[in-house]
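**Q** Next up is a structure, given as structure tokens.
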Amino acid sequence: IGLNITETGINLDFSQLNAELDARLAANPTAGLGDLMDFTIGTKEMLKDTGWVSTEKILNVIQTKSMGSEGESLFNDPGTRSFLFNEFGFQVKAGSSANETISGSNAAELILGFGGNDVLNGGVGNDTLEGGTGDDRLTGGDGNDTYIFRRGDGHDTIVEDSASSADTLILEGINPGDVSFDQSGYSLLIVLKDSGEYVNLQNFYLPDSRFQINVLKFADGTVWDRTTILAKEVNVFGGSGNDTIEARGNGPSTIYGYDGNDSITTTNTSGVSRVFGGAGNDTLSGYYGNDYFDGGAGDDRLTGNGGNDTYIYRRGDGHDTLIEDSASGADTLILEGINPTDITLEQTGYSLLIRIQGSDEWVNLQNFYLDTRFQIARIQFADGTVWDRSTILAKEVNRYGSSGNDTIEARSNGPSAIYGYDGNDSISSGSGVAKIFGGNGNDTLSGYLGNDYFDGGAGDDRLTGSSGNDTYIFRRGDGHDTIIEDGASGADTLILEGINPTDITLEQTGYSLLIRIQGSDEWVNLQNFYLDTRFQIASIQFANGTVWDRAAILAKEVNRYGGSGNDMIEGRSNGPSVIYGYDGNDSIGGGNDVDRVFGGNGNDTLTGFAGNDILDGGAGDDLLSGSGGNDTYVFRRGDGHDTIITNDYGPTDTLILEGINPGEIRLDQYGYSMFIVVKDTGEWVNVQNFYLGTFYQIGVTTQVHGIPRACDEAWMNCLTLKS
1306 IGLNITETGI NLDFSQLNAE LDARLAANPT AGLGDLMDFT IGTKEMLKDT GWVSTEKILN
1366 VIQTKSMGSE GESLFNDPGT RSFLFNEFGF QVKAGSSANE TISGSNAAEL ILGFGGNDVL
1426 NGGVGNDTLE GGTGDDRLTG GDGNDTYIFR RGDGHDTIVE DSASSADTLI LEGINPGDVS
1486 FDQSGYSLLI VLKDSGEYVN LQNFYLPDSR FQINVLKFAD GTVWDRTTIL AKEVNVFGGS
1546 GNDTIEARGN GPSTIYGYDG NDSITTTNTS GVSRVFGGAG NDTLSGYYGN DYFDGGAGDD
1606 RLTGNGGNDT YIYRRGDGHD TLIEDSASGA DTLILEGINP TDITLEQTGY SLLIRIQGSD
1666 EWVNLQNFYL DTRFQIARIQ FADGTVWDRS TILAKEVNRY GSSGNDTIEA RSNGPSAIYG
1726 YDGNDSISSG SGVAKIFGGN GNDTLSGYLG NDYFDGGAGD DRLTGSSGND TYIFRRGDGH
1786 DTIIEDGASG ADTLILEGIN PTDITLEQTG YSLLIRIQGS DEWVNLQNFY LDTRFQIASI
1846 QFANGTVWDR AAILAKEVNR YGGSGNDMIE GRSNGPSVIY GYDGNDSIGG GNDVDRVFGG
1906 NGNDTLTGFA GNDILDGGAG DDLLSGSGGN DTYVFRRGDG HDTIITNDYG PTDTLILEGI
1966 NPGEIRLDQY GYSMFIVVKD TGEWVNVQNF YLGTFYQIGV TTQVHGIPRA CDEAWMNCLT
2026 LKS
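With the first letter of the sequence shown counted as 1, position 132 gets the number 1437 in our numbering; the numbers rise by one all the way through.
See the structure below:
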């Protein structure tokens, strides 16, 4: 001890003393501590008021120096115990190298386990517990307790269960960079990276602070409070079986499920959790943090919830389902080793399946088409390509039916390719371009606002285009298809694959146009085609390249057919028609163009209009009215009693008497009407009001074996034809 004399006074210099004591402590902590305590006892009264303080140095040595087996003798010495109690107010309880249970009392105590796997119980006071070497279990009890752990101490477990205490763990000779945090159940393991030794803070992550220490102190002076500890990244490890893992704390987690069908849940409210499912069919669930999910091999179910989550998928990962349900998150799917050309998109229900070509693997984005809250924000590919949400929605998506009767509703936007396959399917598209293939069965295919492509396939299908420029496909073997258009602005096309113009006939039924395939009973029905332009397709395209536009279609001759009953048939307003009444008392009206009207059996009423019509009443007592145009009337033996009404100036109407020679008829007048009577049968044709004026008159041609013979215009010479 040195003596310093200055102008201000005389004081003692303890620097050499401290250096000597520190050297002894460094050389042999146990012997040095003994020397320090002996010196303190011997000089207590002598150095009482000199400024010499040894208590802090003694406590620091106890907390920071490993005593080993030599410490057992020191701390079990009655003198040491008496000194520490007198100086610091705590009792000393020390073990040995054996496995021991050491329990404290209600006082403050220093409990040292030394060697062996010890159980140390502090009791009520403010205790200091050091397990020493071996796998020890330390329970502080009530009070503000201090736990000491250093390298070589093995695997210690600290048990806290006090709501009011403020407890401290001192990691002697250990710095923050030397440790990692693992979670096991609800416990926190502080693991030494280089040795694998750890301190287990039992039940630290239970939702109750009574199980938590308050302070963690490191050798470099770093101090972490409870909040800091909870915010640190924690590793969690599963096993080879089916694990249930719930990550705790407020900070990030890294969780490894390994093998088995694992159920892993993160509960952190901040930071990033990284969850690796490993092999097996795993269920990985996030919370509000920015989570990172890698399901690994197996059919996994990944739920991100809130936060900006990242999902990893690669070839070999099987069938993974991603579930998002957050309006605010910006989530990313990373397809490792997979490029845009390696995938196809498929919709099933409201979900989007990303299928990996060349395999049966896929990622299912559940409810992607239901609402934005269920959608990921982007897909990132191996080549650097990134699709944002808008790009994903704009991609063409495949949809598939089954062998049964399917009801398929395509998404509201973006293109789709829909395959109904077998069964009587009902398929509707969205607002994008849809390609719909009905497959076998009687299908109902409906478009919406987009430019849709309909291929009904085999069966009697019903195809509705609505708005947009729609395309319909029909081929031999497709059966009986009905096309329904109701859009004023669309330019729609019917493509007849493998069919040429010479392979079809056109037929009108009601307001609809039937395109019949010759040599079969197949047809395409353009429903309400003759009702209004909004119901009309714009063009028909044939296999040989011929294209009929709307005007060309309307200009084509169309067949119309009655039935066996009394039919009422009205010809279309434009374009030629061939109308067959068949049996029954039919009422048939022609249109403005050239019409050929055949009444068939029965008492028919046939009416032409502005065109040059051919009216053939057939068997029965028929009424034939040509109206405007150069009309032709046909009469033959067996046709009964027909009446012709013509009442127009200018046009030249003709009556053809098929198979009848001039010498086989006579002309009779009744009132103003002229009756042309077949002599041998009594049948006749009544040209009504013929003698009233030229307004009602026609010309007559007799035709036998295709050779016409005409009367003169004045009709007077026809009288000489009578025999």
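Cβ atoms here follow ideal geometry from the backbone N, Cα and C, with glycine treated the same way.
#1: Determine the DSSP secondary structure at Q1685, reduced to helix, strand or coil.
#2: In angstroms, rounded to a whole number, what distance separates the CA positions of D1918 and L1650?
#3: Three-state secondary structure (DSSP) at S1631?
#4: For G1314, collect the residues of the same chain with a Cβ closer than 7 angstroms to its Cβ; drop the 5 residues on either side in sequence, then sort them by chain order.
#5: Do G1286 and G1591 have their CB atoms nearer than 8 angstroms?
#6: Between the segment 1614-1633 and the segment 1659-1675, do at least 3 Cβ pairs fall closer than 8 angstroms?
#7: Would the beta-carbon of D1891 fall within 8 angstroms of that of D1872?
#8: Starting from Q1321, follow the beta strand (DSSP E) in both directions and report where the run begins and ends.
#9: Just mark Q1823 as buried or exposed, buried being the case when its beta carbon has 16 or more other beta carbons within 10 Å.
#10: Kindly provide the ranges of any beta strand (DSSP E) runs that are 3 or more residues long and lie completely inside the segment 1454-1521, ordered along the chain.
#11: Tell me the DSSP secondary structure of G1735 in three-state form.
#12: For D2017 and T1787, what's the separation of their Cα atoms in angstroms?
#13: Buried or exposed: where does P1481 fall if 16 or more other Cβ atoms within 10 Å of its Cβ makes it buried?
#14: Quick one: residues in its chain with C-beta nearer than 7 angstroms to the C-beta of G1546, no 5 flanking neighbours on either side, listed in chain order?
#15: Is it buried or exposed for I1310, if we count other Cβ within 10 angstroms and need 16 for buried?
#16: Please report the straight-line C-alpha distance between D1760 and F1779, rounded to a whole angstrom.
#17: Where does D1898 land, buried or exposed, given buried means 16+ other C-beta within 10 angstroms?
#18: Whose CA, out of N1805, G1735 and D1765, lies closest to the CA of G1752?
#19: Would you mind working out which of S1844, Q1488 and Q1321 sits nearest T1798, comparing C-alpha positions?
#20: With a Cβ-Cβ cutoff of 8 angstroms, do Y1975 and N1994 count as a contact?
#21: Would you call the CB atoms of G1773 and G1744 closer than 8 angstroms?
#22: Am I right that D1605 and D1625 are in contact with their C-beta atoms under 8 angstroms? What's the rounded C-beta distance?
#23: For V1528, is the classification buried or exposed, using 16 other Cβ atoms within 10 angstroms of its Cβ as the cut-off for buried?
#24: Would you tell me roughly how many angstroms separate the C-alpha atoms of T1910 and L1920, rounded to the nearest one?
#25: What is the residue span of the beta strand (DSSP E) that A1860 lies within?
#26: Taking A1699 as part of the alpha helix (DSSP H), name the residues at either end of that continuous run.
#27: Work out the CA separation of I1534 and F1523 for me, nearest whole Å.
#28: Indicate the three-state DSSP secondary structure (helix, strand or coil) for Y1758 in the structure shown.
#29: From M1342 to L1326, what does the alpha carbon distance come to, in whole angstroms?
#30: Taking the CB atoms as reference points, tell me whether G1784 and G1764 lie closer together than 8 angstroms.
#31: For W1922, collect the residues of the same chain with a Cβ closer than 7 angstroms to its Cβ; drop the 5 residues on either side in sequence, then sort them by chain order.
#32: Is it the case that the Cβ atoms of F1510 and L1493 are separated by a distance below 8 angstroms?
#33: Below 7 angstroms CB to CB, which residues in the same chain sit around D1727 once its five sequence neighbours on both sides are set aside?
#34: Determine the DSSP secondary structure at G1314, reduced to helix, strand or coil.
#35: Measure the alpha-carbon distance for I1800 versus D1985 and round it to whole angstroms.
#36: Where does F1686 land, buried or exposed, given buried means 16+ other C-beta within 10 angstroms?
**A** Taking the geometry as given:
#1: Start at 1 with the first residue of the sequence shown, and residue 1685 comes out as number 380. Strand.
#2: Taking the sequence shown and counting its residues from 1, the one referred to as residue 1918 is at position 613. Taking the sequence shown and counting its residues from 1, the one referred to as residue 1650 is at position 345. Spanning the two alpha carbons is a distance of roughly 58 angstroms.
#3: Looking up residue 1631 in the sequence shown gives position 326. Looking at S1631 - three-state DSSP - the assignment turns out to be coil, as it is neither helix nor strand.
#4: Walking along the sequence shown from the start, residue 1314 turns up at place 9. The answer is none, since no qualifying residue turns up.
#5: Nothing can be reported for residue 1286, as the shown portion of the chain is limited to 1306 through 2028.
#6: yes
#7: As a working note, residue 1891 is residue 586 in the sequence shown. As a working note, residue 1872 is residue 567 in the sequence shown. Yes. Within cutoff.
#8: Position 16 of the sequence shown, counting from 1, holds the residue named residue 1321. No beta strand (DSSP E) holds Q1321; the alpha helix (DSSP H) holding it covers S1320 to A1332.
#9: Your numbering for residue 1823 matches position 518 in the sequence shown. Exposed.
#10: 1460-1464, 1473-1477, 1484-1489, 1492-1497 and 1503-1506
#11: Reading the sequence shown from its first residue, position 430 is the one you call residue 1735. Looking at G1735 - three-state DSSP - the assignment turns out to be coil, as it is neither helix nor strand.
#12: By one-based count along the sequence shown, residue 2017 stands at place 712. By one-based count along the sequence shown, residue 1787 stands at place 482. Annotation note: pLDDT 40 at D2017 (below 50); position unreliable, no value reported.
#13: Locating residue 1481 in the sequence shown gives position 176, counting from the first residue. Flag for P1481 reads exposed.
#14: Numbered from its first residue, the sequence shown carries residue 1546 at position 241. Excluding residues within five positions, the ones whose Cβ falls inside 7 angstroms are G1565.
#15: Counting from 1 along the sequence shown, the entry for residue 1310 is found at position 5. Result: exposed.
#16: Here residue 1760 refers to the residue found at position 455 of the sequence shown. Here residue 1779 refers to the residue found at position 474 of the sequence shown. Each residue's Cα considered, the two are about 7 angstroms apart.
#17: One-based indexing of the sequence shown puts residue 1898 at position 593. Buried, because 16 or more other Cβ atoms sit within 10 Å of the Cβ of D1898.
#18: Start at 1 with the first residue of the sequence shown, and residue 1752 comes out as number 447. Measuring from the Cα of G1752, the nearest candidate turns out to be G1735.
#19: Reading the sequence shown from its first residue, position 493 is the one you call residue 1798. T1798 has its Cα closest to that of S1844, out of S1844, Q1488 and Q1321.
#20: One-based indexing of the sequence shown puts residue 1975 at position 670. One-based indexing of the sequence shown puts residue 1994 at position 689. No. Outside cutoff.
#21: As a position in the sequence shown, residue 1773 is number 468, starting the count at 1. As a position in the sequence shown, residue 1744 is number 439, starting the count at 1. Cβ distance not < 8 angstroms, so G1773 and G1744 don't count as in contact.
#22: Here residue 1605 is taken as the residue at index 300 of the sequence shown, counted from 1. Here residue 1625 is taken as the residue at index 320 of the sequence shown, counted from 1. That pair is a contact at about 5 angstroms.
#23: By 1-based counting over the sequence shown, the position of residue 1528 is 223. That one is exposed.
#24: In the sequence shown, counting from the first residue as 1, residue 1910 sits at position 605. In the sequence shown, counting from the first residue as 1, residue 1920 sits at position 615. Straight-line Cα distance between these residues: approximately 10 angstroms.
#25: Reading the sequence shown from its first residue, position 555 is the one you call residue 1860. First-last for A1860: R1855 to A1860, but that is the alpha helix (DSSP H), not the beta strand (DSSP E).
#26: Walking along the sequence shown from the start, residue 1699 turns up at place 394. Segment R1694 to A1699, the alpha helix (DSSP H) holding A1699.
#27: Here residue 1523 refers to the residue found at position 218 when the sequence shown is read from its first residue. Here residue 1534 refers to the residue found at position 229 when the sequence shown is read from its first residue. So the two alpha carbons sit approximately 13 angstroms from each other.
#28: What you label residue 1758 is simply residue 453 of the sequence shown in a count that begins at 1. Here Y1758 sits in strand by DSSP.
#29: Taking the sequence shown and counting its residues from 1, the one referred to as residue 1342 is at position 37. Taking the sequence shown and counting its residues from 1, the one referred to as residue 1326 is at position 21. Each residue's Cα considered, the two are about 11 angstroms apart.
#30: On the sequence shown, residue 1784 is found 479 positions in, with the first residue counted as 1. On the sequence shown, residue 1764 is found 459 positions in, with the first residue counted as 1. Yes. Within cutoff.
#31: Position 617 of the sequence shown holds residue 1922. Inspection of the sequence shows that residue 1922 is occupied by Gly rather than by Trp. G1904, D1909, L1911, L1929, D1944 and D1947.
#32: Stepping through the sequence shown from its first residue, residue 1510 is reached at position 205. Stepping through the sequence shown from its first residue, residue 1493 is reached at position 188. Per the sequence shown, the amino acid found at residue 1510 is Tyr instead of Phe. Closer than 8 angstroms, so yes.
#33: Walking along the sequence shown from the start, residue 1727 turns up at place 422. Only S1708, G1744, N1745 and G1746 meet the Cβ criterion.
#34: The sequence position of residue 1314 within the sequence shown is 9, counting from 1. Of the three classes helix, strand and coil, the one that applies to G1314 here is strand, per DSSP.
#35: Here residue 1800 refers to the residue found at position 495 of the sequence shown. Here residue 1985 refers to the residue found at position 680 of the sequence shown. Approximately 56 angstroms, taken between the alpha carbons.
#36: Position 381 of the sequence shown holds residue 1686. So F1686 counts as buried.
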